[in-house]
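According to our numbering, the sequence shown is numbered sequentially starting from 33. Think of the CB as a built atom: it goes at the ideal place given N, C-alpha and C, for glycine as much as any other residue. None of the values given here were measured: they were computed from a predicted structure.
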Amino acid sequence: KTNGNYIISGHSLAVGVSDIYLSEINQNGTIVWTKTISGPWNGVYNYDIILTSDGGFVVSGQESLFGAGYIDMFILKFNSSGNLSWAKTIGGTETEYCWSVKQVSDGGYILGGYTNSFGAGSNDMYIVKLDANGIFQWNKCIGGTGNDIARTVLQATDNNYVIAGSTTSFGSGNADMYIVKLDLNGNLLWNKTFGGTNIDEARKIISTSDGGCVIAGSTNSFGAGNGDMYIVKIDINGNIQWNSVVGSTGIESAYSIIQTNDGGYAVTGYTNSFGAGNNDILLVKLDINGVLQWTKTVGGSGAELSFGLLNTIDNGYIIAGNTNSFGAAGLDMFIVKFDAAWNTCSNFTNPVSNYTTGGVVNTPSPTIISQSPTVENPTPVINTSGNITPICASVGLLPIENELPIEFKLEQNYPNPFNPETRIKFHLKDKTNTVIKDLRCTWKRIIHSYK
Numbered sequence: 033k034t035n036g037n038y039i040i041s042g043h044s045l046a047v048g049v050s051d052i053y054l055s056e057i058n059q060n061g062t063i064v065w066t067k068t069i070s071g072p073w074n075g076v077y078n079y080d081i082i083l084t085s086d087g088g089f090v091v092s093g094q095e096s097l098f099g100a101g102y103i104d105m106f107i108l109k110f111n112s113s114g115n116l117s118w119a120k121t122i123g124g125t126e127t128e129y130c131w132s133v134k135q136v137s138d139g140g141y142i143l144g145g146y147t148n149s150f151g152a153g154s155n156d157m158y159i160v161k162l163d164a165n166g167i168f169q170w171n172k173c174i175g176g177t178g179n180d181i182a183r184t185v186l187q188a189t190d191n192n193y194v195i196a197g198s199t200t201s202f203g204s205g206n207a208d209m210y211i212v213k214l215d216l217n218g219n220l221l222w223n224k225t226f227g228g229t230n231i232d233e234a235r236k237i238i239s240t241s242d243g244g245c246v247i248a249g250s251t252n253s254f255g256a257g258n259g260d261m262y263i264v265k266i267d268i269n270g271n272i273q274w275n276s277v278v279g280s281t282g283i284e285s286a287y288s289i290i291q292t293n294d295g296g297y298a299v300t301g302y303t304n305s306f307g308a309g310n311n312d313i314l315l316v317k318l319d320i321n322g323v324l325q326w327t328k329t330v331g332g333s334g335a336e337l338s339f340g341l342l343n344t345i346d347n348g349y350i351i352a353g354n355t356n357s358f359g360a361a362g363l364d365m366f367i368v369k370f371d372a373a374w375n376t377c378s379n380f381t382n383p384v385s386n387y388t389t390g391g392v393v394n395t396p397s398p399t400i401i402s403q404s405p406t407v408e409n410p411t412p413v414i415n416t417s418g419n420i421t422p423i424c425a426s427v428g429l430l431p432i433e434n435e436l437p438i439e440f441k442l443e444q445n446y447p448n449p450f451n452p453e454t455r456i457k458f459h460l461k462d463k464t465n466t467v468i469k470d471l472r473c474t475w476k477r478i479i480h481s482y483k
């Protein structure tokens with residue numbers, strides 16, 4: 033935010049089946065406020081958050097509580113204090129996801145995701161334009177006969193829209209990076225696929241200071257391991273200027289990228305090739321030409337992932353993700369702040385390969401369709417209590433005893449024992465036959481026997 037604080041969004045299984053979790057923290061990491069936005073069953077999941085020109089913020093994702101179909105896109109607008117201004121759902125009779133949202137020059141919003149209610153294939157890229165008040169203006173389905181998904185959108189320096197994701201309809205591999213450029217009315221200007229013979233996907237695109245774009249994602253067509261970070265720099269017309277693959281013998285993937293003050297790039301994602309745990313956050317620094325400068329890992333003995341990376345007003349950096357190495361239980365949000373010199377965590381050496389050709393580049397001819405989706409104005413439930421208490425935080429905790437129990441009952445979660453989940457851990461001193469009986473929400477008994 034302009035005051036130096038940070039707005040963090042995600043989804044929580046701690047209070048309700050699936051809730052959006054929002055929090056503002058100050059520059060020292062202290063919580064200012066928290067909110068949850070609730071929905072039953074599949075509920076609401078958010079995948080992107082942006083600050084808006086009026087000092088507020090917008091979150092977007094998918095929901096199954098309101099709307100016309102099984103799952104619909106949603107967008108929620110909040111003011112600077114975190115109070116809801118308006119909410120919209122957009123979709124057809126089947127499924128629509130919103131992976132990315134950006135505010136554009138007219139004050140409105142461009143949303144990117146996918147649909148299988150409309151379009152030519154199994155899933156098509158789905159691009160929706162709203163005005164500043166969330167009023168629907170236009171939409172486009174873009175794709176072929178396969179799966180075409182928009183993961184990230186932006187307004188380029190020439191004011192047109194660039195969308196990046198993946199396609200199985202076009203390209204040379206099982207899936208290729210798919211980059212589409214539209215004009216202000218949603219008309220196709222050009223589209224490109226980048227990739228090799230296997231799977232290549234884009235997850236984040238940003239504008240660069242030279243008027244082009246840089247894309248971060250993953251590849252297992254190139255590189256050293258089962259999956260590597262894949263960074264592609266293109267000019268304003270979609271021509272590749274350089275691309276870099278960063279990885280080792282395991283799996284690496286990029287989820288976010290920023291341009292740094294020196295003109296280079298910082299990339300974040302995860303690795304299981306290096307670090308302390310099963311997965312660690314991986315930070316990669318490239319120079320302006322995509323040449324590797326250094327790498328860092330962040331994590332504990334469990335698993336950490338990073339989905340967001342930002343420059344901060346003190347010239348430092350902040351990353352957001354999740355962890356099960358630290359925190360209370362299960363997966364917790366994980367926020368790490370770095371100074372301007374990235375002075376946190378230890379360095380390690382990681383190989384990088386530079387590919388000048390970018391694999392095979394194709395210019396496909398997708399089907400582009402305008403649809404008339406159902407647009408609704410839901411009223412979600414907002415909890416402003418400010419405290420998140422996991423349901424399973426201390427349920428059924430007993431000391432380990434020397435005697436084997438004949439029977440033990442766990443009834444604290446009656447009448448809904450799995451809302452949304454209950455984790456039961458037990459330790460037996462000696463080997464013995466064990467019978468576990470669990471109950472569904474309808475209290476229909478299911479018996480599983482173990483030895």
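Smallest Cα separation from Tyr297: which of Lys172, Val323, Gly257, Gly307?
-> Position 265 of the sequence shown, counted from the start, is the residue given in the question as residue 297. The candidate whose alpha carbon is nearest that of Tyr297 is Val323.
Between the Cα of Asn192 and those of Thr200, Ile174, Asp180, Gly218, spot the shortest distance and give me the residue it belongs to.
-> For this step, residue 192 is matched to residue 160 along the sequence shown. Looking at the Cα atoms, Gly218 is the closest of the given residues.
Could you give the distance in angstroms between the alpha-carbon of Asn58 and the alpha-carbon of Asn37?
-> Translated into the one-based positions of the sequence shown, residue 58 becomes position 26. Translated into the one-based positions of the sequence shown, residue 37 becomes position 5. Spanning the two alpha carbons is a distance of roughly 4 angstroms.
For Ala373, three-class secondary structure by DSSP = The residue labelled residue 373 in the question sits at position 341 within the sequence shown. The answer is coil: DSSP assigns Ala373 none of H, G, I, E or B.
Could you tell me which of Thr177, Asn179, Tyr158 sits nearest to Thr170, measuring between CA atoms?
-> Sequence index remark: in the sequence shown, residue 170 carries index 138 (1-based). A small fix is needed here, since residue 170 is Trp in this sequence, not Thr. The option with the nearest alpha carbon to Trp170 is Tyr158.
Report yes if the CB atom of Ala248 is closer than 8 angstroms to the CB atom of Asp232, and no otherwise.
-> Position 216 of the sequence shown, counted from the first residue, corresponds to residue 248. Position 200 of the sequence shown, counted from the first residue, corresponds to residue 232. No, Cβ-Cβ distance for Ala248 and Asp232 is not below 8 angstroms.
Pick out whichever of Gly205, Ser333, Lys161, Cys173 has its Cα sitting closest to the Cα of Leu496.
-> No answer is possible for residue 496: it lies beyond the span of the chain, which begins at 33 and ends at 483.
Where DSSP assigns a beta bridge to Trp118, which residues make up the other side?
-> One-based indexing of the sequence shown puts residue 118 at position 86. Note: Trp118 sits in a beta bridge opposite Lys109.
Residue interval of the beta strand (DSSP E) (run including Asp51) | As a position in the sequence shown, residue 51 is number 19, starting the count at 1. Residues 51 to 57.
Measure the beta-carbon distance from Ser154 to Asn115 and round it to whole angstroms, keeping in mind my assumption that it falls under 8 angstroms.
-> Sequence index remark: in the sequence shown, residue 154 carries index 122 (1-based). Sequence index remark: in the sequence shown, residue 115 carries index 83 (1-based). Contact flag wrong, Cβ pair sits at about 39 angstroms.
Asn347, DSSP secondary structure in three states | Along the sequence shown, one-based indexing puts residue 347 at 315. It is coil, neither helix nor strand.
Should Ile174 and Lys134 be called a contact, given that it needs their Cβ atoms to be closer than 8 angstroms?
-> Mapped onto the sequence shown, residue 174 falls at position 142. Mapped onto the sequence shown, residue 134 falls at position 102. Not closer than 8 angstroms, so no.
Alpha carbon to alpha carbon, how far is Ser201 from Met209?
-> On the sequence shown, position 169 is the one that residue 201 refers to. On the sequence shown, position 177 is the one that residue 209 refers to. The alpha-carbon atoms of Ser201 and Met209 are separated by roughly 11 angstroms.
From the DSSP output, in three-state form, read off Thr281 for me.
-> Translated into the one-based positions of the sequence shown, residue 281 becomes position 249. It is coil, neither helix nor strand.
Since Ser288 sits in a beta bridge, which residues does DSSP pair it with?
-> By one-based count along the sequence shown, residue 288 stands at place 256. In the DSSP output, where bridge partners are listed per residue, Ser288 has Thr300.
Return the chain-ordered list of same chain residues with a C-beta closer than 6 angstroms to the C-beta of Asn347, the five sequence neighbours on each side being excluded.
-> If you number the sequence shown from 1, residue 347 lands on position 315. Within the same chain, and ignoring the five residues on either side of Asn347 in sequence, the residues whose Cβ sits closer than 6 angstroms to its Cβ are Ala372.
Is the Cβ-Cβ distance between Gly334 and Gly353 less than 8 angstroms?
-> For the purposes of this step, residue 334 is taken as residue 302 along the sequence shown, with counting starting at 1. For the purposes of this step, residue 353 is taken as residue 321 along the sequence shown, with counting starting at 1. Contact: no.
Is the beta carbon of Ser285 less than 8 angstroms from the beta carbon of Gly307?
-> As a position in the sequence shown, residue 285 is number 253, starting the count at 1. As a position in the sequence shown, residue 307 is number 275, starting the count at 1. The answer is no: Cβ separation not under 8 angstroms.
Kindly indicate the opening and closing residues of the beta strand (DSSP E) around Lys134.
-> In the sequence shown, residue 134 corresponds to position 102, counting from 1. Unbroken beta strand (DSSP E) run through Lys134: 128 to 135.
Are the Cβ atoms of Gly295 and Trp222 separated by less than 8 angstroms?
-> Locating residue 295 in the sequence shown gives position 263, counting from the first residue. Locating residue 222 in the sequence shown gives position 190, counting from the first residue. Against a cut-off of 8 angstroms, the Cβ pair of Trp222 and Gly295 comes out as no contact.
Using only alpha-carbon positions, find the residue among Gly140, Asp312, Ile266 that is nearest to Ser85.
-> As a working mapping, residue 85 is identified with position 53 in the sequence shown. Among Gly140, Asp312, Ile266, the Cα nearest to that of Ser85 is on Gly140.
From this set, Ala188, Asn111, Phe106, which residue's C-alpha is nearest Ile238's C-alpha?
-> Counting from 1 along the sequence shown, the entry for residue 238 is found at position 206. Ranked by Cα distance from Ile238, the first of Ala188, Asn111, Phe106 is Ala188.
Should Asn321 and Trp374 be called a contact, given that it needs their Cβ atoms to be closer than 8 angstroms?
-> As a first step, residue 321 is located in the sequence shown; it is residue number 289 there, counting from the start. As a first step, residue 374 is located in the sequence shown; it is residue number 342 there, counting from the start. Result no, Cβ atoms of Asn321 and Trp374 do not sit closer than 8 angstroms.
For the beta strand (DSSP E) holding Asp156, just list the boundary residues, first then last.
-> Here residue 156 refers to the residue found at position 124 of the sequence shown. 156 to 162 is the span of the beta strand (DSSP E), which, as asked, contains Asp156.
Give the secondary structure of Leu429 by DSSP, where H, G and I count as helix, E and B as strand, and everything else as coil.
-> Taking the first residue of the sequence shown as 1, we reach residue 429 at position 397. At Leu429, the pLDDT of 34 sits below 50, so the modelled position is not reliable and the matter cannot be decided from this model.
Helix, strand or coil at Tyr38 [DSSP, three-state] | As a position in the sequence shown, residue 38 is number 6, starting the count at 1. DSSP places Tyr38 in strand when its eight states are reduced to three.
Within 10 angstroms of the Cβ of Asn148, are there 16 or more other Cβ atoms? Answer buried if so, exposed if not.
-> Counted from its first residue, the sequence shown places residue 148 at position 116. It is buried - the Cβ of Asn148 has at least 16 other Cβ atoms within 10 Å.
Within 10 angstroms of the Cβ of Ile345, are there 16 or more other Cβ atoms? Answer buried if so, exposed if not.
-> Taking the sequence shown and counting its residues from 1, one reaches residue 345 at position 313. Ile345 comes out exposed.
Ignore the nearest five residues each way along the sequence and tell me which others in Ser198's own chain have a CB closer than 6 angstroms to its CB.
-> By one-based count along the sequence shown, residue 198 stands at place 166. Closer than 6 angstroms at Cβ, skipping near neighbours: Ile181, Ala207, Tyr210, Glu233.
Cβ shell of Phe339 (< 7 angstroms), same chain only, five flanking positions each side left out = Residue mapping note: residue 339 aligns to position 307 of the sequence shown, counting from 1. Taken in chain order, the residues that qualify are Tyr287, Ser288, Ala352, Gly353.
With 16 other CB atoms within 10 Å as the buried threshold, where does Ser132 fall?
-> Working through the sequence shown from its first residue, we reach residue 132 at position 100. By the 10 Å Cβ count, Ser132 comes out buried.
Please determine, among Lys224, Thr229, Ile195, Asn230, the residue with the shortest C-alpha to C-alpha distance to Asp215.
-> Mapped onto the sequence shown, residue 215 falls at position 183. Of Lys224, Thr229, Ile195, Asn230, the residue nearest in Cα terms is Ile195.
C-beta contact flag for Gly151 and Thr184 at 8 angstroms | To locate residue 151, count along the sequence shown from 1; it is residue 119. To locate residue 184, count along the sequence shown from 1; it is residue 152. No, these two residues do not count as a Cβ contact at 8 angstroms.
Between the C-alpha atoms of Asp364 and Ser55, what's the straight-line distance to the nearest angstrom?
-> For the purposes of this step, residue 364 is taken as the residue at position 332 of the sequence shown. For the purposes of this step, residue 55 is taken as the residue at position 23 of the sequence shown. Spanning the two alpha carbons is a distance of roughly 13 angstroms.
Nearest candidate by alpha-carbon position, reference Phe89, set Lys33, Ser204, Gly227 | Numbered from 1 along the sequence shown, position 57 holds the residue referred to as residue 89. Nearest of Lys33, Ser204, Gly227 to Phe89, Cα basis: Lys33.
Taking all protein chains shown into account, decide if Gln325 is buried (16 or more other Cβ within 10 angstroms of its Cβ) or exposed.
-> Working through the sequence shown from its first residue, we reach residue 325 at position 293. Looking at its Cβ environment, which holds fewer than 16 other Cβ atoms inside 10 Å, Gln325 is exposed.
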